[in-house]
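Counting with the numbering used here, you get residues 649 to 789 for the letters of the sequence shown.
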Amino acid sequence: MLALLASSAFVARVAAADDDKPWVAPDAAKQVKNPLPSNPDNLAAGGQLYHENCAPCHGDTGKGDGDTGKIIKKKPANFTDDKLMSAETDGSIFWKMGEGRGPMPSWKDELSDKERWQLVVFIRKLGKDAAAANPPAPKDK
């Protein structure tokens with residue numbers, strides 16, 4: 649019994665240490681393309697799923713400022729951060745949703761592949777909406 653408890657504590661420490669490393673999807677996952685188009689039906693379905701499952705941590709507009717996200721140690725991703733999101737492919741977002749890490753749960757047993765792809769469509773829209781609401785300032789000549 650003590651060996652089991654000791655190994656559990658070790659695994660928890662290793663997992664916590666991994667939370668501080670960059671979260672990078674495997675190359676194979678990065679290459680996967682979203683099979684769903686960004687259309688009104690997929691956006692609506694993705695939006696509903698997002699507000700039910702993701703908004704508590706990631707916030708209504710995707711800034712990582714949801715009520716739960718404000719109180720957890722590891723802050724949720726800000727889907728409106730252009731630098732962050734330009735480094736993520738649709739496949740990597742889908743993979744991260746499925747795998748989870750730290751306070752981010754794994755959704756692969758809770759949501760179907762189609763639902764997770766609809767979430768990817770909606771998450772991409774959050775970034776576009778933020779960019780449209782905050783265009784870059786013109787540069788002085």
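Idealized CB from N, CA, C, for every residue including glycine.
Asked                                                                                                                        : Found
Taking DSSP as the reference, what is the three-state secondary structure of L650?                                           : In this predicted model, L650 has a pLDDT of only 48, less than 50, meaning its place in the structure is not dependable; the value taken from the coordinates is given anyway. Helix at L650.
Of the residues H699, G750, L759, K773, which one's Cα is nearest the Cα of S734?                                            : K773
Over what stretch of residues does the alpha helix (DSSP H) that includes D738 continue unbroken?                            : 738-747
Going by DSSP, what residue range makes up the alpha helix (DSSP H) through C705?                                            : 703-706
CB-CB under 7 Å to E747, same chain, minus the five flanking residues each way: which ones, in chain order?                  : S754
Can you tell me whether A676 is buried or exposed, with buried defined as 16 or more other CB within 10 angstroms of its CB? : exposed
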